[in-house]
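Note that the numbering used here gives residue 270 to position 40 of the sequence shown, counting from 1, and the numbers run on in steps of one.
Glycine residues also receive a C-beta, built at the ideal position from the N, C-alpha and C atoms.
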Amino acid sequence: MNKKVILVGHFGVGKTSLVQQFVHSKFSEAYLTTIGVKIDKKEVDVDGLKVNLLIWDIAGETAQSKVPKSYQLGAHGVLYVFDLSRPSTYNNLHEQLDYIKELLPGVPIEVLANKKDLLTEEETKQILSGLSLEIRTTSAKTGEYVEEAFLRLTKAMMA
Numbered sequence: 231m232n233k234k235v236i237l238v239g240h241f242g243v244g245k246t247s248l249v250q251q252f253v254h255s256k257f258s259e260a261y262l263t264t265i266g267v268k269i270d271k272k273e274v275d276v277d278g279l280k281v282n283l284l285i286w287d288i289a290g291e292t293a294q295s296k297v298p299k300s301y302q303l304g305a306h307g308v309l310y311v312f313d314l315s316r317p318s319t320y321n322n323l324h325e326q327l328d329y330i331k332e333l334l335p336g337v338p339i340e341v342l343a344n345k346k347d348l349l350t351e352e353e354t355k356q357i358l359s360g361l362s363l364e365i366r367t368t369s370a371k372t373g374e375y376v377e378e379a380f381l382r383l384t385k386a387m388m389a
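Shown next, in the form of structure tokens:
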């Protein structure tokens, strides 16, 4: 069974690093700009069922409306990623999520606050409390909650 997952969010928030950590268990400090879309594949086991995730790492944009709809359509799940250390990547989070929900009605969305390793726990709590959404914190660098995020989304897509 194939499931298309798209990663969206501003440029430089760590979407590519999250994919690299999940698919290849590696992290690079080098910043590589994604042009257009990069597609990776990984098979996961969810409750005894093999699921092929087709992971679309979409180039970052400041507004989701600028992302070609053809990249997003047909997605079974969305990972929306922002950078905890850059307020500009989450200041209009609700607006961006509303756009995605309108474009992909009923598709599960997992919101990830990445780069958790760059802030203290107190700073992270303060930021998240102001956003009033269910958000998971991740670190592509340390691998914290990366696999869990993909598996949680996969389970939601199977429901």
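{"Asked": "Is Arg-316 helix, strand or coil by DSSP?", "Found": "coil"}
{"Asked": "Check whether the segment 272–282 and the segment 300–316 are in contact - that is, three or more C-beta pairs closer than 8 Å.", "Found": "no"}
{"Asked": "For Ala-370, which of Met-231, Gly-239, Leu-237 and Phe-252 has the nearest alpha-carbon?", "Found": "Phe-252"}
{"Asked": "Could you check the C-alpha separation between Pro-393 and Ile-236 for me, to the nearest Å?", "Found": "No information on residue 393 is available, as it lies outside the stretch 231 to 389 that the chain covers here."}
{"Asked": "Within 10 angstroms of the Cβ of Leu-279, are there 16 or more other Cβ atoms? Answer buried if so, exposed if not.", "Found": "exposed"}
{"Asked": "Assign Thr-367 to one of three DSSP states: helix, strand, or coil.", "Found": "strand"}
{"Asked": "When the Cα atoms are used, what is the spatial distance from Asp-313 to Leu-283?", "Found": "24 Å"}
{"Asked": "Within a Cβ cutoff of 6 Å, which residues of the same chain sit near Gly-307, ignoring the five residues on either side of it in sequence?", "Found": "Val-235, Pro-338, Leu-383 and Met-387"}
{"Asked": "Any heavy atom of the ligand FMN closer than 8 Å to the Cβ of Val-281?", "Found": "For the ligand FMN, the structure offers nothing, since it holds no ligand at all."}
{"Asked": "Pick from Gly-242, Val-249 and Glu-325: whose alpha carbon is nearest that of Leu-309?", "Found": "Val-249"}
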